[in-house]
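Note sheet for the following structure.
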Amino acid sequence: MSKFNTTNTMKTVNKSGHVAYAMADKPKLVTQVLTSFFNEEKYYGDNSNELIATAKAIIKSDAHFVANLARYARKEMHLRSVSHALATLLAHETEGKPYTKEVIADVVERPDDITEIMACYLNMYGKPIANGLKKALAAALGKFNEYQIAKYNGGNKAVKFKDILKLTHVKPINDEQDKIFSEIINDTLPVAERWETELSAKGNTKEVWENLIDGNKLGYMAMLRNLRNIINAAPANIDKVYAKLADKEQVLKSKQLPFRFYAAYAEVAKLPNAGTKVLDVLETAIQYSVENMPKLSGTTVIAIDTSGSMSSSISNKSTVRCVDIARLLAVMASHICDNAIVYSFDTSIHKMQISTRGGIIQTAQSIMNCGGGTNLSLPLREIYQNEIKADRFLMFSDNEINYRYEYTCQTLADKYRQTINSNLWVHAIDLQGYGTQQFIGSKTNIIAGWNEKIFEFIALAEEGIDTQVKRIENYL
Numbered sequence: 005m006s007k008f009n010t011t012n013t014m015k016t017v018n019k020s021g022h023v024a025y026a027m028a029d030k031p032k033l034v035t036q037v038l039t040s041f042f043n044e045e046k047y048y049g050d051n052s053n054e055l056i057a058t059a060k061a062i063i064k065s066d067a068h069f070v071a072n073l074a075r076y077a078r079k080e081m082h083l084r085s086v087s088h089a090l091a092t093l094l095a096h097e098t099e100g101k102p103y104t105k106e107v108i109a110d111v112v113e114r115p116d117d118i119t120e121i122m123a124c125y126l127n128m129y130g131k132p133i134a135n136g137l138k139k140a141l142a143a144a145l146g147k148f149n150e151y152q153i154a155k156y157n158g159g160n161k162a163v164k165f166k167d168i169l170k171l172t173h174v175k176p177i178n179d180e181q182d183k184i185f186s187e188i189i190n191d192t193l194p195v196a197e198r199w200e201t202e203l204s205a206k207g208n209t210k211e212v213w214e215n216l217i218d219g220n221k222l223g224y225m226a227m228l229r230n231l232r233n234i235i236n237a238a239p240a241n242i243d244k245v246y247a248k249l250a251d252k253e254q255v256l257k258s259k260q261l262p263f264r265f266y267a268a269y270a271e272v273a274k275l276p277n278a279g280t281k282v283l284d285v286l287e288t289a290i291q292y293s294v295e296n297m298p299k300l301s302g303t304t305v306i307a308i309d310t311s312g313s314m315s316s317s318i319s320n321k322s323t324v325r326c327v328d329i330a331r332l333l334a335v336m337a338s339h340i341c342d343n344a345i346v347y348s349f350d351t352s353i354h355k356m357q358i359s360t361r362g363g364i365i366q367t368a369q370s371i372m373n374c375g376g377g378t379n380l381s382l383p384l385r386e387i388y389q390n391e392i393k394a395d396r397f398l399m400f401s402d403n404e405i406n407y408r409y410e411y412t413c414q415t416l417a418d419k420y421r422q423t424i425n426s427n428l429w430v431h432a433i434d435l436q437g438y439g440t441q442q443f444i445g446s447k448t449n450i451i452a453g454w455n456e457k458i459f460e461f462i463a464l465a466e467e468g469i470d471t472q473v474k475r476i477e478n479y480l
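Quick note on numbering: the sequence shown equals residues 5 to 480 in this note's numbering.
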C-alpha cells in the first residue's frame with residue numbers, strides 16, 4: 005500500500021499552536037485571498053499582512069499567477085477589497101508591473117473600484133504613484149459615462165474622482181469626456197438619481213419606497229439589502245420586489261454571494277409582519293445556485309465545523325459569521341449529492357438529518373452552533389470506527405484544530421483508506437485562510453471560497469481534470 009502523504013510533509017503549528025502542515029505558497033495565497041475582506045479581523049486576527057507577504061513572494065517568480073488570482077477573486081468570487089490590494093501590489097512590485105494594465109482593466113467593474121485602488125496604493129506605499137497604475141486607472145475611468153461616475157461621486161472618501169484626475173493627469177479623448185472631466189474638477193457633476201439620495205431626502209416612507217419600486221430605481225443588491233426596511237414600510241407594490249428577487253435571470257446576473265440571501269432571510273424572519281412569501285422567495289433565489297450543478301455520485305460525508313473559532317463575523321459591517329457560511333455551503337453541497345451523511349462537530353460530534361426536499365436556508369439555520377473547541381479528527385474517527393464506506397469527505401472549516409488527539413487527521417485518513425476504502429477523496433474547504441492545512445498528499449483537494457463555485461472543483465479534481473490552483477494558473 006503506497007503512502008498518501010507523498011507531497012508536502014513539513015509540519016508546523018497553526019494559529020492556535022497545534023500541529024498542522026505547512027502550505028505551499030500558491031495554495032496558501034489562494035486560501036488567504038478567497039476567504040478575505042481585506043483588513044478585516046478574524047477570530048485569530050487579521051491576516052492581511054501575511055497575505056501580502058505571500059503574494060510578494062510569488063510575484064518574484066510568477067507574477068502572472070497573482071495577476072490571475074486578482075482577476076479571479078473579482079470576476080468569479082465577487083470579492084472587491086482583496087482584488088484591489090492584489091492589483092495595488094502588482095503595480096508596485098517590479099515583476100508585477102507588466103500586468104498592471106490588464107489587471108486593472110478586469111478588476112475595475114464599477115467606477116469606485118478606481119478610487120478604492122488609488123486609496124489602497126496611497127495607504128500602502130504613499131507617493132510617488134507608479135506610472136503604470138496612473139495610466140491604467142486613467143484608462144479605466146474612460147470606460148464609464150457621466151451617470152455612472154456621478155453615481156459614485158462625493159461622500160466622505162479620502163480619494164475622489166477629482167483626485168484621480170489630478171494624480172493621473174488623464175487627458176480626455178473626446179468632447180463628451182472633456183465635459184465630464186471638467187464637471188468633476190469643478191464640482192459641477194450632476195447629482196445622480198439614486199435610491200439612497202431620494203430616501204435620504206424624502207424619508208423611509210411607504211410612498212418613497214413605492215416610487216422607487218415603480219421607477220425601477222432599485223437594483224437587485226439594493227432590494228436584497230433593504231428588504232427589512234421595505235417590508236416594514238409596507239409599500240402596496242411590494243410584490244414587484246418579490247418577483248424581481250425570485251427571477252432566475254436577475255439572481256444570476258446579480259452575482260450575490262449565497263450568504264447575502266442567508267443574511268436577508270435571518271433579518272426578515274425576525275419581522276412579525278413578514279409572512280412566509282418573502283422567505284419562500286429567498287429560498288427560491290438560493291436554490292438557483294445549485295440547480296444546474298452536476299451531482300456527486302456515491303456516498304459523501306459532509307462535516308461542518310461549528311466550533312468557537314468559527315463564530316467571528318466575516319467583516320466589521322456584517323452579522324454573518326464563518327459558521328453561517330459553513331452551514332449554508334454544507335447544506336447546499338448535500339443537495340448535489342446522491343447520498344449525503346452530514347455531521348456537525350466541535351469537541352463533540354452530532355449526526356444531522358438533512359432533507360434534500362427541505363429549504364436550504366432554513367435547514368442551515370437549524371444546525372446547532374455549539375461553540376466549543378475544534379476537534380477536526382472527530383468526523384473521520386466516526387466513519388472509521390463505524391466502518392462507513394464513503395467515496396468522499398467534505399470538511400467545511402477554518403482548519404484551526406485546537407484539540408489534542410492520538411492520531412493526526414491525515415493519519416486517520418490513511419488508516420481509513422488502508423482498511424475501508426482506498427479511493428476516499430478528502431476535500432478540505434477552507435473558510436478563513438489562516439495558512440495551514442490538516443490533510444496532504446494524493447486524493448486530497450484544498451479548496452477555498454464563500455460561494456457555490458467551490459463545488460466545481462470537487463468532481464473535476466476527482467477526475468484529474470482541474471483544481472482551484474490549476475484553474476487560476478490558466479485563468480487568463
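Backbone N, C-alpha and C fix where the C-beta goes; we use that ideal spot for every residue, glycine too.
Give me the Cβ distance between residue i and residue j, rounded to the nearest whole Å; I'm assuming they're in contact under 8 Å.
i	j	result
residue 32	residue 316	Not really, about 20 Å apart at Cβ, beyond 8 Å.
residue 292	residue 252	5 Å
residue 23	residue 74	33 Å between Cβ atoms; not a contact.
residue 62	residue 29	5 Å
residue 80	residue 474	Contact doesn't hold; Cβ gap of about 14 Å is too wide.
residue 484	residue 42	What is shown of the chain runs 5 to 480, which leaves residue 484 out entirely.
residue 77	residue 126	So it is not a contact: roughly 21 Å between Cβ atoms.
residue 307	residue 400	7 Å
residue 82	residue 231	Incorrect: roughly 19 Å between the Cβ atoms, too far for contact.
residue 453	residue 51	Between residue 51 and residue 453 the Cβ distance is about 16 Å, and since that is not below 8 Å, they are no contact.
residue 256	residue 365	About 18 Å; that fails the 8 Å criterion.
residue 237	residue 210	5 Å
In the DSSP output, what is residue i paired with across the bridge?
i	result
residue 17	23
residue 399	307, 432
residue 413	DSSP, once it has assigned bridges, lists no residue as partnering residue 413.
residue 346	306, 356
residue 325	317
residue 300	341
Could you check which residue in the options has the C-alpha nearest to that of residue i?
i	options	result
residue 14	61, 464, 452, 443	443
residue 161	290, 124, 175	124
residue 373	324, 129, 348	348
residue 129	56, 51, 190, 29	56
residue 469	206, 281, 447, 120	447
residue 166	187, 99, 233	187
residue 70	216, 96, 467	96
residue 68	178, 257, 105	105
residue 471	457, 449, 455, 454	449
residue 146	126, 132, 85, 113	113
residue 324	357, 229, 34, 480	229
residue 40	189, 209, 326	326
residue 183	153, 163, 209, 212	153
residue 342	439, 367, 156, 299	299
residue 318	213, 436, 156, 401	436
residue 322	263, 193, 461, 139	263
residue 157	141, 121, 194	194
residue 225	479, 64, 200, 356	200
residue 191	169, 198, 175	169
residue 27	461, 455, 451, 217	451
residue 367	392, 383, 382, 328	328
residue 304	427, 60, 132, 140	427
residue 441	135, 405, 455	405
residue 171	149, 150, 135, 197	135
residue 197	155, 467, 215, 174	155
residue 44	84, 66, 219, 357	84
Quick check: does the Cβ of residue i come within less than 7 Å of any heavy atom belonging to the ligand FAD?
i	result
residue 302	Ligands in the displayed structure: none, and consequently the ligand FAD is not present.
Of all the CB atoms in chain B, is at least one closer than 8 Å to the CB of residue i?
i	result
residue 325	Within the model displayed, chain B is absent; a lone protein chain is all it includes.
Continuous beta strand (DSSP E) assignments of at least 3 residues falling wholly in the segment 137–224: Segments of the beta strand (DSSP E) lying fully in the segment 137–224: there are none.
Any 3 or more C-beta pairs closer than 8 Å across the segment 303–315 and the segment 373–386: With the cut-off at 8 Å, the segment 303–315 and the segment 373–386 touch.
The segment 275–285 contacting the segment 341–361, beta-carbon criterion three pairs below 8 Å: Taking a cut-off of 8 Å for Cβ pairs, the segment 275–285 and the segment 341–361 do not touch, as fewer than three such pairs fall below it.
Stretch pair the segment 258–268 + the segment 88–104: three plus CB contacts closer than 8 Å: No, they do not touch.
The segment 423–433 contacting the segment 389–398, beta-carbon criterion three pairs below 8 Å: With the cut-off at 8 Å, the segment 423–433 and the segment 389–398 touch.
Secondary structure, alpha helix (DSSP H): runs of 4+ residues fully inside the segment 439–478: Runs of the alpha helix (DSSP H) inside the segment 439–478: 460–466, 472–477.
Stretch pair the segment 380–392 + the segment 417–427: three plus CB contacts closer than 8 Å: The segment 380–392 is in contact with the segment 417–427.
Cβ contact check for the segment 332–345 and the segment 283–302: 3 or more pairs under 8 Å: Short answer: they touch.
Touching by the beta-carbon criterion (3+ pairs, under 8 Å), the segment 178–186 and the segment 199–207: Output reads no: the segment 199–207 does not touch the segment 178–186.
Start-end ranges of the alpha helix (DSSP H) lying completely within the segment 224–255, minimum 4 residues: Runs of the alpha helix (DSSP H) inside the segment 224–255: 224–229, 231–237, 242–249.
Alpha helix (DSSP H) runs wholly inside the segment 101–135, at least 4 long, in chain order: Within the segment 101–135, complete alpha helix (DSSP H) segments of at least 4 residues are found at 104–111, 115–128, given in chain order.
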